[in-house]
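There are 2 protein chains.
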Amino acid sequence: MILDGQKVASSIYENLKKELKWLASKPKLAVILIGDNPASESYVKIKEETAKAIGIDFELFKFSQDIDEADIISRIEILNNDQEVSGILVQLPLPTHFDEYRITQSISPKKDVDGLTALNLGKMFMGKNSLYPATAMAIIEILDYYEINPTGRLVTIVGKSNLVGKPTANILLNLDATVIICHEKTEDLAFLCKRADILISAAGQPNLITADMIKDGSVIIDVGVNKVGNRLVGDVDFKEAKKRAAAVTPVPGGVGPVTVVSLMKNVIQAYKEA
Amino acid sequence: MILDGQKVASSIYENLKKELKWLASKPKLAVILIGDNPASESYVKIKEETAKAIGIDFELFKFSQDIDEADIISRIEILNNDQEVSGILVQLPLPTHFDEYRITQSISPKKDVDGLTALNLGKMFMGKNSLYPATAMAIIEILDYYEINPTGRLVTIVGKSNLVGKPTANILLNLDATVIICHEKTEDLAFLCKRADILISAAGQPNLITADMIKDGSVIIDVGVNKVGNRLVGDVDFKEAKKRAAAVTPVPGGVGPVTVVSLMKNVIQAYKEA
């Protein structure tokens, strides 16, 4: 079975649209984009379109990569104090001469819709309500939609980023999954993947997950987005995964669209809890 | 080989004593103890003795279990604002009618020497400097002292508490270990333990880790402290572990003493970063 991210996203999208009707005013998402990375520009474009389609106001703050870090931070502080703004997001990655940590931590945790501030990550760590990283939320949304219960299941996660691998591991642990976290230094990756009831790859490496690493009847969530020639592919050998696994997300059309609507869910949550 | 916690603790203890000589004033640890749980009382006693022996001031605030939660929180707020106090610790567990989360989160992150506030846990999650939970620190100190490098090793952790299992998993991931986290809902616990190069049990269940769950030549860290009759035992069948593993921590005399000095390390860090 294909786990259709578009379908999951549509279902969340419809719910959010309904919810927005009941709000006294429009939530607003402010996005900061620095430099001219074409991939970042296209991600921001998708966020803008989705926000507007749902009924969320959107404002883009675009800066050249020559801008001073202090100027970015003062812009964030203005947005932190702007009552019209519900959510603030700095599009990552930043050009390498910026301190990503310092910049993201200057966002007010109440408006941190990417879930990257220490306070929000700490609450997530403890299983408390907060704004969670959208990609991790998207993975859980997909499992939920298809009624795949991770409790007691063996989940192998490939990748240990603060944005995807580690938060996903924590959320799944809080849901009582048994979790294995692998990464570049892992020996025996194939073995640890092959055991998994649910395999989540967020490594960003095309064809990393090959046929021999997939357990028959398992669930595969492919978070990778890799450009190969003109095509976007995930981390997983999709053809083989379709044969062996019980269910697999495609790339594109899997985790991606659900991540964008999960971000919008955070914007609305931030609005309501302001 | 026995991993001698007392020896590791002594080495840290001596370093802290030396460090204290250079400080302009004495750091102070304030401990809040609620109710009359004898185990909690004896843990607090050990902390008091260790603090004083190192040269850290110690003050105990003891309350009956009838105290209002609001009164505890106002006491914490007074301590948060008291410049003489470097570190604040609420001895856990609290009597069940208290909201542990609300109480611990009222501690200023700068004085949170148990590393339980969301802000500190979030920083730890990202591998940034902060006050880390002392038991997780102790495990790393023991590995360090015996020059056991977790990078690339397969580490299985049994237990997923916010105080031990999850922080230890995160710190080890940040050190590039491959990490498996198991718990009560884990099927196939024996298999996942048996694969581990380093096995850390923090389940609090005597004799949980039996001979068949131990890889030959592995390292076993036993965080369990269980009362069986009048004896304290860990989670691991120590006799069998000694035969099979390359190295194992005893209970008592393993992780425990290192945890207490790690807490003192946090008090001094909090003092210096105040």
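Listed in order, the protein sequences are those of chains L and C. According to the numbering used here, the first sequence holds residues 53 to 326 in order. According to the numbering used here, the second sequence holds residues 53 to 326 in order. Quick reminder that beta carbons are idealized off the backbone N, C-alpha and C, glycines included.
Report, in whole angstroms, the separation of the C-beta atoms of residue i and residue j, which I expect to be a contact under 8 Å.
i                     : j                     : result
residue 248 (chain L) : residue 270 (chain L) : 6 Å
residue 42 (chain L)  : residue 229 (chain L) : Absent from the structure is residue 42 (chain L), since the part of chain L shown begins at 53 and ends at 326.
residue 124 (chain L) : residue 84 (chain L)  : 7 Å
residue 234 (chain L) : residue 208 (chain L) : 6 Å
residue 163 (chain L) : residue 140 (chain L) : 5 Å
residue 260 (chain C) : residue 287 (chain C) : 5 Å
residue 179 (chain L) : residue 226 (chain L) : 4 Å
residue 145 (chain C) : residue 117 (chain C) : Going by Cβ atoms, the distance from residue 145 (chain C) to residue 117 (chain C) rounds to 12 Å, so no, they are not a contact pair.
residue 232 (chain L) : residue 232 (chain C) : 5 Å
residue 305 (chain L) : residue 274 (chain L) : Actually they are not in contact, since the Cβ atoms of residue 305 (chain L) and residue 274 (chain L) sit about 10 Å apart, beyond 8 Å.
Hey, how far is the Cα of residue i from the Cα of residue j?
i                     : j                     : result
residue 161 (chain L) : residue 177 (chain C) : 16 Å
residue 86 (chain C)  : residue 173 (chain L) : 29 Å
residue 157 (chain C) : residue 206 (chain L) : 32 Å
residue 272 (chain C) : residue 253 (chain C) : 8 Å
residue 41 (chain L)  : residue 58 (chain L)  : Residue 41 (chain L) lies beyond the range of chain L shown here (53 to 326); nothing can be said about it.
residue 75 (chain C)  : residue 321 (chain C) : 11 Å
residue 278 (chain C) : residue 285 (chain C) : 5 Å
residue 323 (chain C) : residue 154 (chain L) : 23 Å
residue 81 (chain L)  : residue 99 (chain L)  : 9 Å
residue 276 (chain L) : residue 257 (chain L) : 7 Å
residue 150 (chain L) : residue 120 (chain C) : 48 Å
residue 54 (chain L)  : residue 302 (chain L) : 7 Å
residue 182 (chain C) : residue 250 (chain C) : 25 Å
residue 106 (chain C) : residue 79 (chain C)  : 10 Å
residue 246 (chain L) : residue 264 (chain L) : 7 Å
residue 77 (chain C)  : residue 325 (chain C) : 14 Å
residue 241 (chain L) : residue 291 (chain C) : 32 Å
residue 238 (chain C) : residue 210 (chain C) : 9 Å
residue 127 (chain C) : residue 104 (chain C) : 23 Å
residue 283 (chain C) : residue 319 (chain L) : 54 Å
residue 152 (chain L) : residue 152 (chain C) : 33 Å
residue 184 (chain L) : residue 122 (chain L) : 26 Å
residue 192 (chain L) : residue 236 (chain C) : 21 Å
Since residue i is in the beta strand (DSSP E), which residue starts that stretch and which ends it?
i                     : result
residue 278 (chain L) : 278-280
residue 284 (chain C) : 283-285
residue 126 (chain C) : No beta strand (DSSP E) contains residue 126 (chain C), which is instead part of the alpha helix (DSSP H) from 121-133.
residue 225 (chain C) : Not the beta strand (DSSP E): residue 225 (chain C) falls in the alpha helix (DSSP H), residues 217-226.
residue 230 (chain C) : 230-234
residue 250 (chain L) : 250-253
residue 140 (chain L) : 139-142
residue 80 (chain C)  : 80-86
Could you pull the start and end residues of the alpha helix (DSSP H) that residue i belongs to?
i                     : result
residue 66 (chain L)  : 57-73
residue 327 (chain L) : The structure shown has nothing for residue 327 (chain L), since chain L only spans 53 to 326.
residue 109 (chain C) : Unbroken run through residue 109 (chain C) is the beta strand (DSSP E), 109-115; no alpha helix (DSSP H).
residue 203 (chain L) : Taken as a continuous stretch (DSSP letters only), residue 203 (chain L) belongs to no alpha helix (DSSP H), as it is neither H nor E.
residue 308 (chain L) : 307-325
residue 171 (chain C) : 170-177
residue 190 (chain L) : 186-197
residue 291 (chain L) : 290-296
residue 99 (chain L)  : 90-106
residue 155 (chain C) : 152-157
residue 246 (chain C) : 241-246
Q.
Taking contact to mean 3 or more Cβ pairs, one atom from each stretch, closer than 8 Å, check whether the region 161-168 of chain C and the region 110-118 of chain C are in contact.
A. no
Q | the region 58-73 of chain C contacting the region 93-100 of chain L, beta-carbon criterion three pairs below 8 Å | A | no
Q) Per the contact definition of three or more C-beta pairs closer than 8 Å, is the region 187-196 of chain C in contact with the region 182-189 of chain L? A) no
**Q.** Near-chain C residues of the region 164-197 of chain L (beta-carbon distance less than 9 Å), N- to C-terminal order
**A.** 168, 169, 170, 171, 172, 173, 174, 175, 176, 177, 178, 179, 180, 182
Q.
I want to know whether the region 315-323 of chain C touches the region 123-132 of chain C - three or more CB-CB distances under 8 Å.
A. no
Q. Below 8 Å, can you find three or more Cβ-Cβ pairs linking the region 208-217 of chain L to the region 56-63 of chain C?
A. no
(Q) For the pair the region 258-277 of chain L and the region 292-301 of chain L, tell me if three or more CB-CB distances fall below 8 Å. (A) yes
Q.
Taking beta-carbon pairs under 9 Å, can you tell me which members of the region 237-257 of chain L lie near chain C?
A. 237, 238, 239, 240, 241, 243, 244, 247
Q.
Using a Cβ-Cβ cutoff of 8 Å, what residues of the region 197-208 of chain L are near chain C? List them in chain order.
A. 203, 204, 206
Q. Taking a cut of 7 Å between CB atoms, which residues from the region 118-142 of chain C lie near chain L?
A. none
Q) Which residues, taken in chain order from the region 214-239 of chain L, show a beta carbon closer than 9 Å to some beta carbon of chain C? A) 214, 217, 218, 219, 221, 222, 225, 226, 228, 229, 230, 231, 232, 233, 234, 235, 236, 237, 238, 239
Q) What residues in the region 261-273 of chain C bring their beta carbon closer than 7 Å to a beta carbon of chain L? A) none
(Q) Output needed in chain order: residues of the region 152-164 of chain L with a Cβ under 8 Å from some Cβ in chain C. (A) 153
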